[in-house]
Every structure is written in structure tokens, then in C-alpha cells.
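Visitor: Position 50 of the sequence shown, counted from 1, bears residue number 158 in the numbering used here, the numbering being contiguous throughout. My structure is below; once you've seen it, I'll send some questions.
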Amino acid sequence: MADRPGPPRWARWASEALAPAALAAVVPLVVGAAAAGWAGVALAAVGAVVAVVPGVLLVVHLVRRGRVVDHHLPDRADRPRVLGAVLVGVVAAAALQVLLSAPPALRVLFSAMAVLLAVLVLMSTRWKVSLHAAAAAASLGALVAALGPWALVGAPLVAVLGAARVRLGAHTPAQVLVGLALGAVAAAAAAALTG
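Next comes the structure, spelled out in C-alpha cells:
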């Protein structure tokens, strides 16, 4: 009997390249640059480090100790505990943007990230909504708000990511669609607050 092939390479690549932590590290830099040039990039970098690095280190630590299966948190039972800890870093990053008098676009971006993650943490206690899809949709919305409609060229990447999460068996189509909807709502609310 032949071995079944593993997940397609494109799906694994999309899940890694467009993972929530990667988007949370890169998108603020673009928003910061659009809002205030290099000063905005510096403020965004500080926020991104505070928001992302502690969470990534925590997840890596938990994976190495065997407390979680992998860094994508496939077991829904692990999500609230781990994501709750990650949320602390994101809230700290949002507060730091206020304390540093960052441009409104960055203050709202990090605040929206915190609110979206809080909603996802609560939902994850009952259902495995796609964090990847939520982060991708919110990121696309943030880029459109910062750069204008031409940033919509990134929309196919969001679709590829959603398909990848389903293809990998990480989520159902409904879990991806709800994640996309939550991310889009978060982005629209953030755009309304800064626009």
C-alpha cells in the first residue's frame, strides 16, 4: 500500500508565510510608514516586538515542552490559555502606542488587533475559528486603509490562505469564513475610527 502524500507544499507555505504572528509583525510597519514615515516605522516596530515576540516565544516554549502539538495550535483546548497570554502582549503594545503618542493609525491598529484577538480567544473556547483567516482579512483591511484601494491586489493571497487552511485540514470552510468576516469587521471598524 502506497503512503498517502502529505499536505501540498503551497498550503503549508501559505500557512507559514501568512501566519498571524508574521502579519502582526509586518503590517504595522507598513501602516506606520504610511502614517508617519520612518518615525512611524520605529513606533510600529516597538509595538510589533511587544505584541509578537512574547507570544511566539511562549508558543515555541510550549511546543518544545510538549504542552501543545505545534505552533498553529491545532487543538482547540489549547487556544484560550495560550491566546489569552498572547493577548496580554497585544494589549501592552496598544497601550504603548498611546503612551508613545503614536499616530492615530497605529493606535487604532494595535487596539483593533487586541479587540479582534479577545473576540477570537472567547470564540475559541467553543469553536475553532480560523485565526489565520481573521488576521489575513484584518491585515488586508489595514493595508487598504493605509495605502488605498490598490492594496486590494493582496486579496487573492487571503483567498489562498483560506483555501490552504481548509486543504491542510486545520479548519472547515465555515471556520475560515467566520474568521474572514471577523477580520473584515475589525478592519472596517478601525478604518472608520481613523478615517
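C-beta: ideal position from N, C-alpha, C; glycine also. As the structure is a computational prediction, the values presented were derived from the model and not from experiment.
1) Counting along the chain, where does the alpha helix (DSSP H) carrying Ser378 start and finish?
2) Look up Leu288 in the DSSP assignment and say whether it is helix, strand or coil.
3) If we ignore side chains and look at the alpha-carbon of each, how far apart do Leu228 and Leu260 end up?
4) Would Ala246 pass as a contact of Gly291 if the rule is Cβ separation under 7 Å?
5) Is Gln205 near Ser238, with beta carbons less than 7 Å apart?
6) Just mark Leu208 as buried or exposed, buried being the case when its beta carbon has 16 or more other beta carbons within 10 Å.
7) Could you give the distance in angstroms between the alpha-carbon of Met109 and the alpha-carbon of Leu166?
8) Does DSSP put Trp146 in a helix, in a strand, or in coil?
9) Give the straight-line distance between the Cα atoms of Leu301 and Ala132, rounded to the nearest whole angstrom.
10) Alpha helix (DSSP H) containing Ala272: first to last residue?
11) Determine the burial state of Ala253: buried for a count of at least 16 other Cβ atoms within 10 Å of its Cβ, exposed for fewer.
12) How would you write the range of the alpha helix (DSSP H) that His180 sits in, first residue to last?
13) What is the rounded straight-line gap between the Cα of Asp186 and the Cα of Arg120?
Guide: Taking the structure as given:
1) Here the chain comprises residues numbered 109 to 303, so residue 378 is not present and cannot be evaluated.
2) helix
3) 24 Å
4) yes
5) no
6) With fewer than 16 other Cβ atoms within 10 Å, it is exposed.
7) Reliability of the predicted coordinates at Met109 is poor, the pLDDT of 49 falling under 50, and no value is obtained from them.
8) helix
9) So the alpha carbons of these two residues sit roughly 19 Å apart.
10) 263-275
11) buried
12) Unbroken run through His180: none, as it is neither H nor E.
13) 21 Å
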